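Residue numbers (the numbering used here): 17 to 281.
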């Protein structure tokens, strides 16, 4: 969907009589993703990228132009077939979403405020010197540090012994995992940070809870998925959001814990 990636550029070189694009998330970050998909399916249908940007992308993304959005929808809808979960999986019960709020521990809050103050100072300096547009990477880096502190101080500190520091989220995780496993249910646990998953794995080992772990370094993805779906012993599956956020058929789990959310839903 990102036309700048090597994957997108390579797949568009495939010579085929028939092409089909299948996705559960046709739009995630930008309307430009629609252009990239159609550039693969029917090159030129939505014009070149510059024309698409002027005609649709800029008006829709920057000016909330409903007329441009309607025009794009009408132009593409006859080539799209959408089926929602409620239409094809009517036997499934409704999804229950729950947000659990964990207040930072006193030590976490002190560290958070220190980092926040430093980040503010650095960003104000960078913006004044380079402008906002060229400072966005520094803003994202600052947000990343704050997210890490909220997970566990160990993610930022040099001492990697997680038992030396308190984490409100980790305590909530222990309680929640205990309830799920004791009721003989299965759970998927997602985190953006593999270092956080390592900490969760240590907690599970300490509590003698069997689990599986999938990260970007995992080679036997299919085997792990089959083992999780077919095993009564492995109740927990730790998964890196980047490596396993999509494309995994994990139907045996009826609980999901998103320890820290991805940048986009």
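Ideal Cβ placement from N, Cα and C applies to all residues, glycine included. Since this is a predicted model, take the numbers as computed values, not measurements.
Item                                                                                                                                    : Value
Residue range of the unbroken alpha helix (DSSP H) whose run includes residue 61                                                        : Here residue 61 belongs to no alpha helix (DSSP H), and DSSP marks it neither H nor E.
Opposing strand residues paired with residue 253 [DSSP bridges]                                                                         : 204 and 228
Three-state class that DSSP yields for residue 167 in the structure shown                                                               : helix
Per-residue DSSP class, three states only, for residue 236                                                                              : coil
For residue 171 and residue 36, the rounded distance between their alpha carbons                                                        : 42 angstroms
Where the alpha helix (DSSP H) through residue 272 begins and ends                                                                      : Per DSSP, residue 272 belongs to no alpha helix (DSSP H); it is in the beta strand (DSSP E), 271-274.
Coil, strand or helix - residue 242 by DSSP                                                                                             : helix
Inter-residue Cα distance where the pair is residue 78 and residue 85                                                                   : 12 angstroms
Endpoints, the alpha helix (DSSP H) within which residue 96 is located                                                                  : Note, residue 96: premise wrong, no alpha helix (DSSP H); not H, not E.
Any 3 or more C-beta pairs closer than 8 angstroms across the region 250-258 and the region 203-223                                     : yes
8 angstroms Cβ cutoff met for residue 269 and residue 204                                                                               : yes
Buried/exposed call for residue 38, threshold 16 Cβ in 10 Å                                                                             : exposed
Simplified DSSP assignment, three categories, for residue 214                                                                           : helix
Cut-off 8 angstroms between Cβ atoms - residues of its own chain near residue 265, not counting five sequence neighbours on either side : 241 and 245
From 73, 61, 28 and 60, residue whose alpha carbon lies closest to that of residue 49                                                   : 73
Residue 114, DSSP secondary structure in three states                                                                                   : coil
Cβ contact check for the region 134-154 and the region 184-196: 3 or more pairs under 8 angstroms                                       : no
Touch test, the region 148-159 against the region 90-101, Cβ-Cβ under 8 angstroms, three pairs minimum                                  : no
Reduced DSSP category for residue 75 - H, G, I as helix; E, B as strand; rest coil                                                      : helix
Local conformation of residue 32 per DSSP, three classes                                                                                : coil
Outcome for residue 53 when other beta-carbon atoms lying within 10 angstroms are tallied against a minimum of 16                       : buried
Three or more C-beta pairs below 8 angstroms linking the region 165-180 and the region 122-135                                          : yes
CB of residue 252 within 8 angstroms of CB of residue 220, strictly                                                                     : yes
Proximity of residue 119 and residue 26 at Cβ, strictly below 8 angstroms                                                               : no
Beta-carbon separation (whole angstroms), residue 202 vs residue 271, contact threshold 8 angstroms                                     : 7 angstroms
Residue 123 to residue 159 span [Cα, whole Å]                                                                                           : 19 angstroms
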